[in-house]
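> Read left to right, the sequence shown gives residues 1421 to 1872 (our numbering).
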Amino acid sequence: IGSLVDARQERLAEVALEIWDLAEVGYQEYQSSALLQAELESAGFSVEAGIADIPTAFVAEWGSGEPVIGILAEFDALPGITQDAVPERAPLPEKGSGHACGHHLFGAGSTGAAIATKEWLEATGTPGTIRLYGTPAEEGGAGKVYLVRAGYFEDVDVVLHWHAGDGNSASPSTSLANKSAKFRFHGVSAHAAGAPDRGRSALDGVEAMNHMVNLMREHVPMETRIHYVITSGGSAPNVIPDFAEVFYYVRNPEPEMVKELFERVVAAAEGAAMGTGTEMDYEVIHGLYNLLPNETLQRVMWENLGRVGGVEYDESERRFAELIHATFPDDAPPLESAGEVQPYEFVRRGMGSTDVADVSWMVPTAGLRTATWVPGTPAHSWQAVAAGGTSIGTKGMLVAAKTLALTAVEVFTNPALIVAAAEEHVERVGADFVYDPLIGDRDPPLDYRKIR
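1) First and last residue of the beta strand (DSSP E) that includes residue 1585?
2) Quick one: complete alpha helix (DSSP H) runs, 4+ long, within the stretch 1581–1666?
3) By the DSSP assignment, the alpha helix (DSSP H) with residue 1700 in it spans what residues?
4) Do you know offhand how far residue 1843's Cα is from residue 1720's?
5) Looking at the structure shown, is residue 1481 part of a helix, part of a strand, or coil, going by DSSP?
6) In this structure, does DSSP put residue 1728 in helix, strand or coil?
7) In this structure, does DSSP put residue 1499 in helix, strand or coil?
8) Does DSSP put residue 1424 in a helix, in a strand, or in coil?
9) Counting Cβ pairs closer than 8 angstroms, one from the stretch 1678–1685 and one from the stretch 1715–1729, do we hit at least three?
10) Less than 9 angstroms between the C-beta atoms of residue 1814 and residue 1432, yes or no?
11) Within 10 angstroms of its Cβ, does residue 1819 collect 16 or more other Cβ (buried), or is it exposed?
12) Where do the N-terminal and C-terminal ends of the alpha helix (DSSP H) with residue 1841 fall, by residue?
13) Alpha carbon to alpha carbon, how far is residue 1742 from residue 1872? Give it in angstroms, no decimals.
14) Can you check DSSP and say which residues form a bridge with residue 1789?
15) Just to confirm my understanding: we take residue 1705, look at its own chain, exclude 5 residues before and 5 after, and list those with CB closer than 7 angstroms. What are they?
16) Which term fits residue 1635, buried or exposed, when burial requires 16 or more other beta carbons within 10 angstroms of its beta carbon?
17) Should residue 1656 be labelled buried (16 or more other beta-carbon atoms within 10 Å of its own) or exposed?
18) Let me check one thing: in DSSP terms, what residues is residue 1489 bridge-paired to?
19) List the DSSP bridge partners of residue 1469.
20) Any idea what DSSP makes of residue 1447, helix, strand or coil?
21) Whole angstroms is fine: what's the gap from residue 1492's alpha carbon to residue 1566's?
22) To the nearest angstrom, how far is it from the Cα of residue 1512 to the Cα of residue 1445?
23) Measure the CB-CB distance between residue 1596 and residue 1643 and report whether it falls below 9 angstroms.
24) Got a sec: is the Cβ-Cβ distance from residue 1623 to anything in chain D below 9 angstroms?
25) Reducing DSSP to helix, strand and coil, say where residue 1773 ends up.
26) Counting pairs of Cβ atoms below 8 angstroms between the stretch 1567–1581 and the stretch 1469–1486, do you hit three or more?
27) Using CA coordinates, which residue listed in 1424, 1453, 1447 is at the minimum distance from residue 1436?
28) Taking 9 angstroms as the cut-off, decide whether the C-beta atoms of residue 1831 and residue 1489 are in contact.
29) Please identify the residue among 1679, 1788, 1629 whose C-alpha is closest to the C-alpha of residue 1765.
30) If we call anything under 9 angstroms between Cβ atoms a contact, is residue 1793 one with residue 1585?
31) Give the secondary structure of residue 1816 by DSSP, where H, G and I count as helix, E and B as strand, and everything else as coil.
32) Quick check: what's the CA-CA separation for residue 1861 versus residue 1870?
33) Report yes if the CB atom of residue 1507 is closer than 9 angstroms to the CB atom of residue 1740, and no otherwise.
34) May I ask you to report which of helix, strand or coil DSSP gives residue 1801?
35) Excluding the five sequence neighbours on either side, which residues of its own chain have a C-beta within less than 6 angstroms of the C-beta of residue 1442, listed in chain order?
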């Protein structure tokens, strides 16, 4: 099946780099989503667009009957970071966002894997359904959570995914649950020098909240992570702002603890409003579970990654990589590690979060990372954007596409694997588990990337 991916490698690279250039942020990925849909339609998939009340979300399907294998595809960029595809810092002033997490590669690579799997099913006459989920707004928008809530994974046997990275690994791992909200304070404007007594500063409310939450950090479980950014704080020092907004993330390994910590942050916001004479409201933006590993599937994914192997640089790619590598600390992994596959081990906890997690609580799920970036590259960095816009990124993408396709084929041809994965999944979630999304019943926040 690797040859089926190779046959499309030039087109997959074109698609990935076009999405890299578009760099559309969460829920605004209209062109990127349409591009992937067109590729799948041309390959014979039926496509349903605009699912779960999200214009850029879609599901593409080929085949019929069981088993049903899903592959996830992302395509949103990050705001506030731009970079040309060169090995030195070179922002692109005309762009407000960039693919610093490699989702352009994620979307195109998963699409390539789905098409290759479809072609294998067709050629071999193997029964079953291959399904590609176009999932927008992973970066803080929880796109997949709305698809889970709407029931789009209820008939799926196994879900596969991957992510850009600086190495090749397919070990089982977990992540942090995460809930976010925008806290909005409303005050009274006045001249800051001429009539300060007439004003009530919304920014004071934000700053008082931030101070109280920072005091709270001493009294939370040590694995907790809390981050914020002031998204609106006024326009002029001599005008007391009547509106200010702060955007918070609250993370912890356990969803129930996230709920508890989030309510403490809300209480801090309420106290800040009371103390500053302002009013406060908040909007939950996203909420994610922790990633649930499935070792039955991960072992198969890891074995297939070993069959495919890592990323080998040609001469020009190595020169590019050496210049990028020179910007990292001395203890960064060597360039040669891009060609290696990391050993299989249980990674107890990653400190990031992903909306893949909610899928993993509903369906046995497995993923991998490949070396689309120069070894030592942190996610959300200019170095990630740079390498992702070159053949280094697309080579790593092809490793992922082949590994996903090989794993899908193994699942289609081994019913016992599906049974074992399902048994492990039930054991992990518990027989009495009822899914309660951390987003509640809110509609998708289609405008969450817009700054007020």
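Ideal placement from N, C-alpha and C gives every residue a C-beta, glycine not left out.
Remember, predicted model here, so these are calculated numbers, not experimental data.
Put simply:
1) 1578–1585
2) 1622–1636
3) No alpha helix (DSSP H) contains residue 1700, which is instead part of the beta strand (DSSP E) from 1699–1708.
4) 16 angstroms
5) strand
6) helix
7) strand
8) helix
9) no
10) yes
11) buried
12) 1835–1849
13) Bear in mind that a pLDDT of 49 at residue 1872, under 50, signals an unreliable position, so the number given afterwards is only what the model happens to contain. Rounded to the nearest angstrom, the two C-alpha atoms are 41 angstroms apart.
14) 1583, 1589
15) 1560, 1600, 1601, 1602, 1865, 1868
16) exposed
17) exposed
18) 1550, 1578
19) 1478
20) coil
21) 14 angstroms
22) 16 angstroms
23) yes
24) Among the protein chains of the structure shown there is no chain D, as only one such chain exists.
25) coil
26) yes
27) 1453
28) yes
29) 1788
30) yes
31) helix
32) 21 angstroms
33) yes
34) coil
35) 1451, 1452
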